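Chemist: Chains as they are written, first to last, in the numbering used here: chain A, 12 to 115; chain B, 2 to 586. So that we are looking at the same thing, I have put the structure below in structure tokens.
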Amino acid sequence: MTDNQHSADQDTDTAQGGRHTAGAFDIRNFIGGLLGLYGIILTLMGLFGDQELDKTGGWNANLYTGIGLLIVSAIFITWARLKPTIVPAHVETADDGAGPGPTP
Amino acid sequence: MPALAGLRTADTLISANLVDYTIIALYFVFVLGIGIMARRAISDSLDFFLSGRSLPAWVTGLAFISANLGAVEIMGMSANGAQFGISAVHYFWVGAIPAMLFLGVVMMPFYYGSKVRSVPEFMFRRFGTGAHLVNAISFAVAQLLIAGVNLFLLGSIVQALLGWPLWVALIVAAIIVLSYITLGGLSAAIYNEVLQFFVIVAALLPLTLIGLNRVGGYQGLKDKITEFASTPAAVAAGVPSADDQLHSWPGQALTGFGSGTLSVIGIVFGLGFVLSFGYWTTNFVEVQRAMASNSISAARKTPIIGAFPKMFIPFIVIIPGMIAAVLVNEIRELKAGGAPTGGASGTVQYNDSLILLMRDVLPNGLLGLAIAGLLAAFMAGMAANISAFNTVLSYDLWQRYIVKEREDSYYLKVGRLATVAATFVAIFTAIIASSFSNIMNYLQTLFGFFNAPLFATFILGMFWKRMTATAGWVGLSAGTIGAVIFAFLSEDAFGSASLGVIPIGGQGAAFLAASTAFVVDIVLSILVTFRTESKPVSELRGLVYSETPKEDLVDPEEAKLPWYRRTIPLASVALVLVIALNFAF
Numbered sequence: 012m013t014d015n016q017h018s019a020d021q022d023t024d025t026a027q028g029g030r031h032t033a034g035a036f037d038i039r040n041f042i043g044g045l046l047g048l049y050g051i052i053l054t055l056m057g058l059f060g061d062q063e064l065d066k067t068g069g070w071n072a073n074l075y076t077g078i079g080l081l082i083v084s085a086i087f088i089t090w091a092r093l094k095p096t097i098v099p100a101h102v103e104t105a106d107d108g109a110g111p112g113p114t115p
Numbered sequence: 002m003p004a005l006a007g008l009r010t011a012d013t014l015i016s017a018n019l020v021d022y023t024i025i026a027l028y029f030v031f032v033l034g035i036g037i038m039a040r041r042a043i044s045d046s047l048d049f050f051l052s053g054r055s056l057p058a059w060v061t062g063l064a065f066i067s068a069n070l071g072a073v074e075i076m077g078m079s080a081n082g083a084q085f086g087i088s089a090v091h092y093f094w095v096g097a098i099p100a101m102l103f104l105g106v107v108m109m110p111f112y113y114g115s116k117v118r119s120v121p122e123f124m125f126r127r128f129g130t131g132a133h134l135v136n137a138i139s140f141a142v143a144q145l146l147i148a149g150v151n152l153f154l155l156g157s158i159v160q161a162l163l164g165w166p167l168w169v170a171l172i173v174a175a176i177i178v179l180s181y182i183t184l185g186g187l188s189a190a191i192y193n194e195v196l197q198f199f200v201i202v203a204a205l206l207p208l209t210l211i212g213l214n215r216v217g218g219y220q221g222l223k224d225k226i227t228e229f230a231s232t233p234a235a236v237a238a239g240v241p242s243a244d245d246q247l248h249s250w251p252g253q254a255l256t257g258f259g260s261g262t263l264s265v266i267g268i269v270f271g272l273g274f275v276l277s278f279g280y281w282t283t284n285f286v287e288v289q290r291a292m293a294s295n296s297i298s299a300a301r302k303t304p305i306i307g308a309f310p311k312m313f314i315p316f317i318v319i320i321p322g323m324i325a326a327v328l329v330n331e332i333r334e335l336k337a338g339g340a341p342t343g344g345a346s347g348t349v350q351y352n353d354s355l356i357l358l359m360r361d362v363l364p365n366g367l368l369g370l371a372i373a374g375l376l377a378a379f380m381a382g383m384a385a386n387i388s389a390f391n392t393v394l395s396y397d398l399w400q401r402y403i404v405k406e407r408e409d410s411y412y413l414k415v416g417r418l419a420t421v422a423a424t425f426v427a428i429f430t431a432i433i434a435s436s437f438s439n440i441m442n443y444l445q446t447l448f449g450f451f452n453a454p455l456f457a458t459f460i461l462g463m464f465w466k467r468m469t470a471t472a473g474w475v476g477l478s479a480g481t482i483g484a485v486i487f488a489f490l491s492e493d494a495f496g497s498a499s500l501g502v503i504p505i506g507g508q509g510a511a512f513l514a515a516s517t518a519f520v521v522d523i524v525l526s527i528l529v530t531f532r533t534e535s536k537p538v539s540e541l542r543g544l545v546y547s548e549t550p551k552e553d554l555v556d557p558e559e560a561k562l563p564w565y566r567r568t569i570p571l572a573s574v575a576l577v578l579v580i581a582l583n584f585a586f
């Protein structure tokens with residue numbers, strides 16, 4: 012496996028040394044994306060939906076949770092932007108037990 | 002679900018609306034998205050594996066505890082919280098953290114350094130065929146049983162949500178899991194586990210806070226529990242005293258022992274040492290996460306980093322259970338000795354605490370998030386069991402003993418068929434699980450049979466070079482059989498099948514069964530070793546402490562890292578924190 016094959020389909024190549032960022036595969040973007048969507052939905056529910064204050068004991072729980080989720084989501088996405096995961100091109104081959112068993 | 006409307010036989014426990022379903026659907030889109038991207042990347046190159054292998058230790062650490070944060074943990078621990086109160090924290094602070102730290106500090110270098118692919122394979126290298134076969138078979142069987150428990154809990158939440166009969170819910174849930182595993186594959190497991198962790202926290206943290214708000218904060222919760230425990234009905238039903246429910250030690254509510262001293266010994270030795278070390282240090286599902294990291298240092302830090310969030314999970318699992326026991330009418334009634342109708346299995350059980358609390362305190366929107374969190378946990382838990390089963394069945398059993406030396410694609414096919422078969426078997430074990438009122442009892446019993454003797458054999462084999470191959474398999478099987486016999490003689494470790502000769506029931510019986518297994522294993526291993534031939538010392542490098550050079554066990558790079566990224570300082574901080582938590586509660 013050469014560097015070229017390795018990074019051919021990556022749009023976030025850093026030109027030097029065949030290293031590139033994990034990009035969309037960065038789990039922090041996945042977490043930030045899902046929690047962000049949840050944050051938007053809950054914030055909207057809190058603003059426009061039934062607050063059901065008798066259940067929550069007087070809190071607008073959807074709104075508070077929604078805002079909390081948006082903050083966490085922003086932290087993850089910012090973190091991923093500021094310190095992208097670098098995938099080194101030369102990693103020792105996966106024969107040392109890293110390979111999981113048969114793909115089901 | 003209009004197409005299935007004809008199947009509706011019960012009112013749904015929870016009334017979810019369109020927003021809730023959207024939130025749940027979004028989770029599935031992300032899970033499947035990870036699976037599809039993983040699959041596409043694998044077909045192109047090793048990119049996915051490489052980025053996985055370069056993931057920072059916080060990711061593998063979260064995946065490590067996330068693999069365990071399944072249905073059993075969440076429903077079982079909130080059930081324990083409702084039934085026994087705060088003493089259920091022992092499952093975390095005594096029953097997990099010390100073992101996780103021990104795994105990282107002491108055992109991981111052997112697993113990682115010997116380059117084995119699975120825990121049974123380590124057994125094979127150290128003790129040869131006999132112990133390997135016992136370990137691989139008992140592990141595979143245990144995974145099927147536990148997958149059944151996870152499936153049962155998944156089925157019960159589908160039932161609660163949609164009102165389907167349990168058997169329909171079980172089959173539908175099994176199909177969902179099967180497609181999730183088939184599409185996502187093992188390679189997507191770590192990503193999904195990390196995502197799952199955050200969804201679960203996002204679901205359970207608001208539930209806990211809102212629940213506390215309803216009962217008037219933690220002080221309000223304590224007052225209500227105290228008040229409830231002193232009602233005549235609660236006293237008549239044998240509810241643990243308020244003091245027992247609100248203090249973690251001596252934990253008599255949990256063990257069922259009459260004496261406080263015995264209870265402490267039972268918790269420290271039975272749960273804290275035998276059961277928990279057996280589970281956390283030898284369970285392939287857990288250990289594999291650490292094995293797959295990129296250096297010996299990262300492998301050692303994986304369980305230690307996992308220990309930090311693990312310490313705080315009881316606050317969002319056990320506290321909701323305790324809240325449910327004073328806030329939810331059905332659970333109050335159950336705790337006062339009644340048998341209210343409803344819940345997942347017709348009559349309300351402690352396992353329903355969390356779902357019923359969600360029904361009572363969460364508005365639509367948050368309700369969807371909570372359901373998504375539970376589904377996430379259940380699917381990932383079962384997926385982890387079934388995929389670990391696959392690996393051991395295909396590599397450790399099929400390839401080593403049954404059909405040897407075929408091409409790789411043949412074993413992939415075996416793995417796929419095993420997945421389908423395992424899912425079917427899990428449906429039947431789910432039905433067994435549904436007859437136990439408290440899932441944790443059932444599981445602790447199982448762990449006692451499989452993990453306690455395993456840990457005894459491992460620890461002896463790692464530190465005693467004389468221990469022989471025969472001692473390995475004899476000790477393992479005798480320990481397992483010892484635990485089974487003990488469980489049959491106890492009051493209720495096997496439900497109605499137990500004979501009640503030994504007057505001990507509840508969780509205490511499981512702790513004692515595990516301790517029996519441990520002691521029987523150690524004694525027999527020592528006796529057999531003195532009568533059989535040891536392995537030559539030259540074959541023990543990397544497997545036995547005294548025969549492994551010290552430089553094989555540490556990462557030379559680690560000394561250059563700041564203290565908060567080194568194994569030993571991190572483990573020490575975790576230990577101090579967990580001791581402080583024990584004093585605080």
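For glycine and all other residues, C-beta sits at the position ideal for the given N, C-alpha and C. If you're wondering where the values come from, they're calculated on a predicted model, not measured in any experiment.
Do LEU208 (chain B) and ALA611 (chain B) come within 8 Å of each other at the CB atom, strictly closer than that value?
Modeler: This structure gives no information on residue 611 (chain B), because the portion of chain B shown stretches from 2 to 586.
Chemist: Output yes if chain B places a C-beta closer than 8 Å to the C-beta of THR67 (chain A); else output no.
Modeler: For THR67 (chain A), the answer is yes, since a Cβ of chain B falls inside 8 Å of its Cβ.
Chemist: By Cβ distance, which residues of its chain are closer than 6 Å to PHE451 (chain B), with the 5 residues on each side in sequence left out?
Modeler: For PHE451 (chain B), where only same-chain residues beyond five positions count, the Cβ hits under 6 Å are SER139 and ALA143.
Chemist: Is DSSP giving THR533 (chain B) helix, strand or coil here?
Modeler: Reduced to three states, the DSSP call for THR533 (chain B) is coil.
Chemist: For TRP70 (chain A), which residues from the same chain have a beta carbon less than 7 Å from its beta carbon, with the 5 sequence-adjacent residues on both sides left out?
Modeler: Closer than 7 Å at the Cβ level, and outside the excluded window around TRP70 (chain A), lies no residue.
Chemist: Where does the unbroken alpha helix (DSSP H) through ASP65 (chain A) begin, and where does it stop?
Modeler: Looking at the DSSP string, the run of the alpha helix (DSSP H) that includes ASP65 (chain A) is 64 to 67.
Chemist: Which same chain residues, not among the five before or five after ILE428 (chain B), have their C-beta less than 6 Å away from its C-beta?
Modeler: Contacts found: LEU171 and ALA175.
Chemist: Quick check: the region 521 to 539 of chain B against the region 473 to 487 of chain B, are there 3 or more CB pairs under 8 Å?
Modeler: Verdict: yes, contact present.
Chemist: Relative to chain A, which residues along the region 346 to 367 of chain B have a C-beta separation below 8 Å, given in chain order?
Modeler: Listed in sequence order: ASP361, VAL362, LEU363, PRO364, ASN365, GLY366 and LEU367.
Chemist: Give a yes or no on whether 8 Å exceeds the smallest Cβ distance from LEU571 (chain B) to chain A.
Modeler: By this cut-off, LEU571 (chain B) is not an interface position.
Chemist: Please give the ranges of any beta strand (DSSP E) in the region 339 to 389 of chain B, keeping only runs that are unbroken, at least 3 residues long and fully inside the region.
Modeler: Counting only runs of 3 or more, we get 342 to 346.
Chemist: If you draw a straight line from the alpha carbon of LEU357 (chain B) to that of ALA83 (chain B), how long is it in whole angstroms?
Modeler: Computed Cα separation, rounded: 12 Å.
Chemist: Express the C-alpha separation of VAL269 (chain B) and LEU571 (chain B) in angstroms, rounding to a whole number.
Modeler: Cα to Cα, LEU571 (chain B) sits roughly 23 Å from VAL269 (chain B).
Chemist: I think ALA80 (chain B) touches ALA299 (chain B), with their Cβ atoms under 8 Å apart; what is that distance to the nearest whole Å?
Modeler: At roughly 35 Å, the Cβ-Cβ gap does not stay under 8 Å, so ALA80 (chain B) and ALA299 (chain B) are not in contact.
Chemist: For a contact meaning CB atoms closer than 7 Å, what does PRO207 (chain B) contact in chain A?
Modeler: Going along chain A in sequence order, the residues near PRO207 (chain B) (Cβ under 7 Å) are ALA72 and THR76.
Chemist: Where do the N-terminal and C-terminal ends of the alpha helix (DSSP H) with ARG39 (chain A) fall, by residue?
Modeler: Start and end: 38 to 59.
Chemist: Could you work out which residues of chain B lie near GLY3 (chain A), taking near to mean beta carbons separated by less than 8 Å?
Modeler: With chain A represented from 12 up to 115, any question about residue 3 (chain A) goes unanswered, as that position is not in the structure.
Chemist: In chain order, what residues of the same chain lie with their CB nearer than 7 Å to the CB of PHE31 (chain B), ignoring the 5 residues before and after it?
Modeler: Correct list, in chain order: LEU196.
Chemist: Mind checking if ILE35 (chain B) is an interface residue toward chain A, Cβ cutoff 8 Å exclusive?
Modeler: It does: the Cβ of ILE35 (chain B) has a partner Cβ on chain A nearer than 8 Å.
Chemist: Please classify ASP556 (chain B): is it buried, with 16 or more other beta-carbons within 10 angstroms of its beta-carbon, or exposed?
Modeler: Flag for ASP556 (chain B) reads buried.
Chemist: Cβ of LEU53 (chain A) less than 8 Å from any chain B Cβ?
Modeler: It does; some Cβ of chain B falls within 8 Å.
Chemist: Can you find a CB in chain B that lies within less than 8 Å of the CB of LEU48 (chain A)?
Modeler: So, interface residue.
Chemist: Look up PRO241 (chain B) in the DSSP assignment and say whether it is helix, strand or coil.
Modeler: Of the three classes helix, strand and coil, the one that applies to PRO241 (chain B) here is coil, per DSSP.
Chemist: Around the Cβ of GLN220 (chain B), are there at least 16 other Cβ atoms within 10 angstroms (buried) or fewer (exposed)?
Modeler: Exposed is the call here.
Chemist: State buried or exposed for VAL20 (chain B), treating a residue as buried only when at least 16 other CB atoms are found within 10 Å of its CB.
Modeler: By the neighbour-count rule (16 or more Cβ atoms within 10 Å), VAL20 (chain B) is buried.
Chemist: With a threshold of 8 Å, are at least 3 pairs of Cβ atoms found where one atom belongs to the region 151 to 165 of chain B and the other to the region 399 to 412 of chain B?
Modeler: Not touching, per the Cβ criterion.
Chemist: Using the Cβ count rule (16 or more neighbours within 10 Å means buried), how would you classify PRO251 (chain B)?
Modeler: Burial call: buried.
Chemist: In the DSSP assignment, find the unbroken alpha helix (DSSP H) run with THR227 (chain B) in it and report its ends.
Modeler: Start and end: 218 to 230.
Chemist: One question on the structure: do ILE305 (chain B) and GLY114 (chain B) come within less than 8 Å of each other, judged by their Cβ atoms?
Modeler: Not in contact: ILE305 (chain B) and GLY114 (chain B) (Cβ atoms no closer than 8 Å).
Chemist: Comparing the C-beta of PHE199 (chain B) with each C-beta of chain A, is any distance below 8 Å?
Modeler: Yes, contact with chain A.
Chemist: Looking only at its chain, what residues have a beta carbon closer than 6 Å to the beta carbon of ILE211 (chain B), apart from the 5 residues adjacent to it on each side?
Modeler: The answer, listed in chain order, is VAL362.
Chemist: Taking a cut of 7 Å between CB atoms, which residues from the region 77 to 93 of chain A lie near chain B?
Modeler: Per Cβ criterion, the list reads LEU80.
Chemist: Which chain A residues are close to LEU196 (chain B), counting only those with a beta carbon under 8 Å from its beta carbon?
Modeler: In chain order: ILE38, PHE41, ILE42 and LEU45.
Chemist: Cβ of GLY71 (chain B) within 8 Å of Cβ of GLY382 (chain B)?
Modeler: Yes, the pair counts as a contact, with Cβ atoms nearer than the cut-off.
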